[in-house]
Amino acid sequence: MQGKEEDVSLGANKFPERQPIGTAAQSEEKDYKEPPAAPLYEPGELRSWSFYRAGIAEFVATFLFLYITILTVMGVVSSNNRCKTVGIQGIAWAFGGMIFALVYCTAGISGGHINPAVTFGLFLARKLSLTRALYYMVMQCLGAICGAGVVKGFKKGIYMANNGGTNTVSPGYSKGDGLGAEIVGTFVLVYTVLSATDAKRNARDSHVPILAPLPIGFAVFLVHLATIPITGTGINPARSLGAAIIYNRSHAWDDQWIFWVGPFIGAALASIYHQVVIRAIPFKSRR
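Written as structure tokens, this is what we have:
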């Protein structure tokens, strides 16, 4: 009997009881340590191929994003019967689905921003340097211009007859309404990005498999459902700029400032909220 008791004791130590689900169940080895903030300027980046490769990835991703989404918009608005098209829901799915696919493809190379507002929010959260942030924004805008340009090349008549997929404040809404919609919509997007890519969450809750591009793409889908009737949904300055440049009619520029100011304010608010309230990082640094 004594030998059996020893075997049971050995087995209990060798195969301990399964830990309960939850952050408290994680061992000390998995405790999260806050990574250092990205420097404002990192000269070494400019001599690294990975830096330029990331910019190219942002260019291509934003190009593909504009190409697919603007083509979808053109297919809907040019039809004389919306029942024959994918409708507003289909447009929202096109935007959300493309973000899901493109973030999944480019996250390991550039982070999969595909949006100057997202880049700005992550910069404020000190996730990347100012050099990289500015580089990403330029490449995103260039990619958006090229993407919209290809759509115009395929469907020039339809494109010019249907406002080129540009973002404007819809009749019946004020500029203040449009600005508010862009601020709140971008807040939802950037807040989701910061939460889904939070390294602390991955470290402490690693037992919960989370595919970051999925909630990000779903957030884009939901925001489009809510704000397409108001502004056509910008929440992405590169997307709004690319369509406006290729369409290039005076009324396309009347509200362009809304689609830059709104997203950048929304991104800043989301970054501050996530860092101060959700993560309480400023308070941790005082300890």
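According to the UniProt record's numbering, the stretch in the sequence shown is residues 1 to 287, in order. No residue lacks a Cβ here, since even glycine has one placed at the ideal position from N, Cα and C.
Burial state of residue i, where buried means 16 or more other Cβ atoms lie within 10 Å
{"i": "F120", "result": "buried"}
{"i": "W257", "result": "exposed"}
{"i": "R47", "result": "exposed"}
{"i": "R249", "result": "exposed"}
{"i": "F100", "result": "buried"}
{"i": "R53", "result": "exposed"}
{"i": "G22", "result": "In this prediction, G22 scores a pLDDT of 34, lower than 50, which makes its location untrustworthy; the coordinate-derived value is nonetheless stated afterwards. G22 comes out exposed."}
{"i": "H207", "result": "At H207, the pLDDT of 43 sits below 50, so the modelled position is not reliable and the matter cannot be decided from this model."}
{"i": "I278", "result": "exposed"}
{"i": "G176", "result": "exposed"}
{"i": "P35", "result": "exposed"}
{"i": "L134", "result": "exposed"}
{"i": "Q89", "result": "exposed"}
{"i": "A268", "result": "buried"}
{"i": "S129", "result": "buried"}
{"i": "G157", "result": "exposed"}
{"i": "A161", "result": "exposed"}
{"i": "F154", "result": "exposed"}
Residue i: CB within 7 Å of a non-hydrogen atom of the ligand ZN
{"i": "A144", "result": "Judged by which ligands are present, the structure shown has none, so any question about the ligand ZN falls away."}
Residue range of the unbroken alpha helix (DSSP H) whose run includes residue i
{"i": "T269", "result": "Reading the sequence as shown, one finds Leu at residue 269 and not Thr. Per DSSP, L269 belongs to the alpha helix (DSSP H) from 258 to 272."}
{"i": "Y159", "result": "156 to 161"}
{"i": "T85", "result": "Per DSSP, T85 belongs to no alpha helix (DSSP H) and is neither H nor E."}
Three-state secondary structure assigned by DSSP to residue i
{"i": "D177", "result": "helix"}
{"i": "R53", "result": "helix"}
{"i": "R126", "result": "coil"}
{"i": "L142", "result": "helix"}
{"i": "R249", "result": "coil"}
{"i": "residue 357", "result": "With the chain running from 1 to 287 in the structure shown, residue 357 is simply not present."}
{"i": "E42", "result": "coil"}
{"i": "T131", "result": "helix"}
{"i": "A37", "result": "coil"}
{"i": "A199", "result": "helix"}
{"i": "G165", "result": "helix"}
{"i": "residue 316", "result": "Any question about residue 316 goes unanswered here, given that the chain covers just 1 to 287."}
{"i": "I183", "result": "helix"}
{"i": "E17", "result": "Its pLDDT being 39, under 50, E17 is placed unreliably by the model, and nothing is read from it."}
{"i": "R47", "result": "helix"}
{"i": "residue 288", "result": "Here the chain has residues from 1 to 287 only, and residue 288 is not among them."}
{"i": "G172", "result": "coil"}
{"i": "D254", "result": "helix"}
{"i": "A280", "result": "coil"}
Residue i versus residue j: straight-line alpha-carbon distance, rounded
{"i": "G97", "j": "L189", "result": "14 Å"}
{"i": "T85", "j": "A226", "result": "19 Å"}
{"i": "L142", "j": "N80", "result": "33 Å"}
{"i": "F59", "j": "I281", "result": "32 Å"}
{"i": "D198", "j": "A252", "result": "37 Å"}
{"i": "S50", "j": "L64", "result": "21 Å"}
{"i": "A37", "j": "R126", "result": "5 Å"}
{"i": "G165", "j": "G172", "result": "19 Å"}
{"i": "L124", "j": "C105", "result": "24 Å"}
{"i": "V193", "j": "V276", "result": "16 Å"}
{"i": "V150", "j": "I230", "result": "26 Å"}
{"i": "R239", "j": "G44", "result": "30 Å"}
{"i": "A270", "j": "V223", "result": "15 Å"}
{"i": "G111", "j": "A196", "result": "12 Å"}
{"i": "G55", "j": "Y136", "result": "6 Å"}
{"i": "W93", "j": "F218", "result": "9 Å"}
{"i": "Y247", "j": "N163", "result": "7 Å"}
{"i": "A61", "j": "S174", "result": "33 Å"}
{"i": "G178", "j": "V169", "result": "6 Å"}
{"i": "I145", "j": "F187", "result": "24 Å"}
Pick out the complete alpha helix (DSSP H) segments inside the region 209 to 239, 4 residues or longer, and give them in chain order.
-> 213 to 231
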